[in-house]
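Residue numbers (this note's numbering): 79 to 150.
Rendered as structure tokens:
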């Protein structure tokens, strides 16, 4: 291989290798990083509501259904 003549190419390659060696983030950490960096705070209430509706549907099909139906 030839040596890169541009020092920026060397630093970019080193940066790429360092990023590959870092520990990967889990889904929640990656989402929170995305929200913070891109300022998409409006996504959090939507996902919370979706999660609550999902829990309601899940509990509606179990033995807790009579208690869930009294909420409505």
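Even for Gly, the Cβ is constructed at its ideal location relative to N, Cα and C.
Since residue 119 and residue 113 should fall inside the 8 Å C-beta cutoff, what is the C-beta to C-beta distance between them, to a whole number of angstroms? 6 Å
8 Å Cβ cutoff met for residue 146 and residue 134: Yes. Within cutoff.
Beta carbon of residue 111 nearer than 8 Å to that of residue 121: No Cβ-Cβ contact shorter than 8 Å links residue 111 with residue 121.
Tell me where the alpha helix (DSSP H) around residue 142 begins and ends. Premise fails: residue 142 is in no alpha helix (DSSP H) and is neither H nor E.
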